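Q: Protein chains in written order, with this note's numbering: chain C, 3 to 171; chain U, 273 to 578.
We treat Cβ as the ideally placed atom computed from N, Cα and C, and that holds for glycine.
Note that the structure is a prediction, hence the values are computed from the model and not measured.
Okay, handing you the structure first.
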């Protein structure tokens with residue numbers, strides 16, 4: 003459990019790439035942690051825990067997708083397999099660098115801007131709720147959130163490039 | 273609902289729970305066939321996770337008034353007055369990173385690109401009528417690979433506008449709905465700046481290129497009717513700016529940049545952008561002309577203290 007706690011944050015990032023919303027991420031991680039507990043004796047080295055755990059999360063996420071086969075508001079299993087394959091090589095170090103870049107970029111926003119970005123990411127329909135609370139159309143508020151997320155994306159990419167230049171220089 | 277303009281918007285809509293069934297099916301199809309898009313999706317998904325992690329930090333949650341654990345969003349600061357302030361702040365931030373330009377010691381100018389059109393979609397199909405909705409082009413305009421020795425300004429395709437013989441002018445039009453954008457802060461002067469490239473490579477005409485910007489108090493859905501009534505009654509829209517450009521007859525085929533700027537008057541809801549050609553002799557057989565690299569920006573100028 004100590005290992006799971008240490009890597010939970012990165013496992014959540016991985017699970018999010020495969021699941022349509024955060025409640026589904028929470029459910030899958032809970033199921034995956036139970037499986038990990040049962041199969042812990044199969045883990046040979048502690049340092050291999052992260053990749054081993056990701057394989058279990060992947061399996062549980064795809065199982066959850068099959069359970070929700072009738073739900074058309076999720077990506078297909080074929081697409082999720084492709085995403086899972088291509089997400090797997092990302093290491094914990096890679097994630098930490100991206101995390102630091104994003105944190106730096108969030109620091110450039112005002113408090114109000116951060117709150118709007120956070121509210122949109124914290125739960126599905128967050129933008130709709132904001133729109134109702136502010137008497138604006140969801141579409142117009144969504145566009146504002148979209149611009150901020152795009153700006154964060156661009157900023158984070160620039161930060162990562164700068165980090166790489168610094169580390170190589 | 274407006275259709276997402278690009279893949280990144282589609283991904284954002286999915287990750288924020290805004291996408292409908294058709295959009296998710298479209299995203300799914302594109303992800304299956306496009307490895308680069310899958311990388312974009314994975315990066316956007318990680319960004320979403322990192323934002324959530326930051327939102328869950330206790331000090332930030334308190335500062336930002338978002339309490340994830342109880343799923344209890346506090347919108348107390350979203351009073352009507354605060355909404356304006358928030359939106360102004362948002363607008364400022366998204367532009368300050370790249371576009372804040374000090375003008376001398378006193379005036380600052382900020383620009384927010386809101387439309388960029390290179391006519392790269394070969395399947396583009398437009399209504400030829402006057403516009404009645406925002407965020408889409410209207411007119412006798414199609415996406416083509418240019419001929420007559422013309423190279424696109426951007427990308428590999430251009431817009432081809434086809435005038436009708438007998439008509440003096442022909443335009444492509446687009447409505448900006450100002451309700452989709454944050455209001456300017458007090459003391460800020462808001463303008464709309466439009467620039468585009470025109471070329472008339474085919475023989476038989478000496479047109480004027482024209483950029484026209486017209487401000488209306490009506491919503492986009494009512495602009496068409498307002499436009500007609502305006503013509504019948506002779507009344508002006510709230511404000512109109514017309515920029516004509518007469519290229520020299522020996523370089524019609526070259527690209528000519530034509531731009532115009534409209535200071536948006538109070539009470540404006542919609543601004544109609546018209547990019548077109550004015551034919552000096554409408555009875556001459558009409559020939560096509562090209563448009564490319566259309567750029568539209570909202571520009572605020574203000575003294576730094578405001």
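Mind pulling the chain U residues with CB within less than 8 angstroms of residue 101(C)?
A: What residue 101(C) touches in chain U: 322 and 325.
Q: Report back the beta-carbon spacing between residue 143(C) and residue 319(U) to the nearest angstrom; my notes put them in contact at under 8 angstroms.
A: Incorrect: roughly 19 angstroms between the Cβ atoms, too far for contact.
Q: Let me know the beta strand (DSSP E) ranges lying completely inside the region 377 to 422 of chain U, each 3 residues or longer, listed in chain order.
A: With a minimum length of 3 residues, the continuous beta strand (DSSP E) runs that stay inside the region 377 to 422 of chain U are 379 to 389 and 413 to 416.
Q: Could you give the DSSP three-state label for residue 284(U): helix, strand or coil?
A: In this structure, residue 284(U) counts as helix in the three-state DSSP scheme.
Q: For residue 533(U), I'd like the list of residues in its chain whose CB is within less than 6 angstroms of its CB, leaving aside the five on either flank, ordered along the chain.
A: Taken in chain order, the residues that qualify are 463 and 465.
Q: In three-state terms, what does DSSP make of residue 15(C)?
A: It is helical.
Q: Quick check on this structure: which residue in 327(U), 461(U) and 548(U) has the alpha carbon closest to the alpha carbon of residue 119(C)?
A: It is 327(U).
Q: Answer with yes or no whether the minimum CB distance from residue 82(C) to chain U is below 7 angstroms.
A: Not one chain U Cβ lies under 7 angstroms of residue 82(C).
Q: With the cut-off set at 7 angstroms, would you say residue 86(C) and residue 58(C) are in Cβ contact?
A: No, these two residues do not count as a Cβ contact at 7 angstroms.
Q: If you follow the alpha helix (DSSP H) that residue 40(C) is part of, which residue opens it and which one closes it?
A: Per DSSP, residue 40(C) belongs to the alpha helix (DSSP H) from 24 to 40.
Q: By the three-class DSSP mapping on this structure, what secondary structure does residue 93(C) have?
A: Residue state, collapsed to three classes: coil.
Q: Can you give me the C-alpha to C-alpha distance between residue 552(U) and residue 406(U), rounded to a whole angstrom?
A: Going from the Cα of residue 552(U) to the Cα of residue 406(U) covers about 30 angstroms.
Q: Residues of chain C with CB under 9 angstroms from residue 574(U), in chain order?
A: Under the 9 angstroms cutoff, chain C gives no residues; its nearest Cβ is about 17 angstroms from residue 574(U).
Q: Under 9 angstroms Cβ-Cβ, which residues of chain C neighbour residue 296(U)?
A: Those are 22, 74, 75, 76 and 77, listed as they occur along chain C.
Q: So the candidates are 313(U), 447(U) and 545(U); which of them puts its Cα closest to the Cα of residue 484(U)?
A: The option with the nearest alpha carbon to residue 484(U) is 545(U).
Q: For a contact meaning CB atoms closer than 8 angstroms, what does residue 155(C) contact in chain U?
A: Correct list: 280, 315, 316 and 319.
Q: Give me the chain U residues within the contact set of residue 105(C), using Cβ-Cβ distance strictly less than 7 angstroms, ordered along the chain.
A: Within 7 angstroms Cβ-Cβ: 326.
Q: Is residue 545(U) helix, strand or coil when you go by DSSP?
A: In the structure shown, residue 545(U) sits in a strand (DSSP, three-state: E or B).
Q: Taking DSSP as the reference, what is the three-state secondary structure of residue 556(U)?
A: The answer is coil: DSSP assigns residue 556(U) none of H, G, I, E or B.
Q: Kindly indicate which three-state DSSP category residue 460(U) falls into: helix, strand or coil?
A: Looking at residue 460(U) - three-state DSSP - the assignment turns out to be coil, as it is neither helix nor strand.
Q: Cutting at 7 angstroms between CB atoms, please list the residues of its own chain near residue 303(U), excluding the five before and the five after it.
A: Cβ within range, chain order: 309, 310 and 313.
Q: Answer yes if the region 466 to 473 of chain U comes into contact with the region 520 to 529 of chain U, meaning at least three C-beta pairs across the two stretches below 8 angstroms, and no otherwise.
A: Because the criterion of three Cβ pairs below 8 angstroms is met, the region 520 to 529 of chain U and the region 466 to 473 of chain U touch.
Q: Who are the near neighbours of residue 535(U) in its chain, counting only those whose CB is closer than 6 angstroms to its CB and skipping five residues on each side?
A: Correct list, in chain order: 463.
Q: Of all the CB atoms in chain C, is at least one closer than 7 angstroms to the CB of residue 288(U)?
A: So, interface residue.
Q: Residues of chain C with CB closer than 8 angstroms to the CB of residue 392(U), please, in chain order.
A: Neighbours of residue 392(U) on chain C: none; closest Cβ ~19 angstroms, over 8 angstroms.
Q: Check the Cβ-Cβ distances between residue 356(U) and every residue of chain C, and say whether any is below 7 angstroms.
A: Reliability of the predicted coordinates at residue 356(U) is poor, the pLDDT of 33 falling under 50, and no value is obtained from them.
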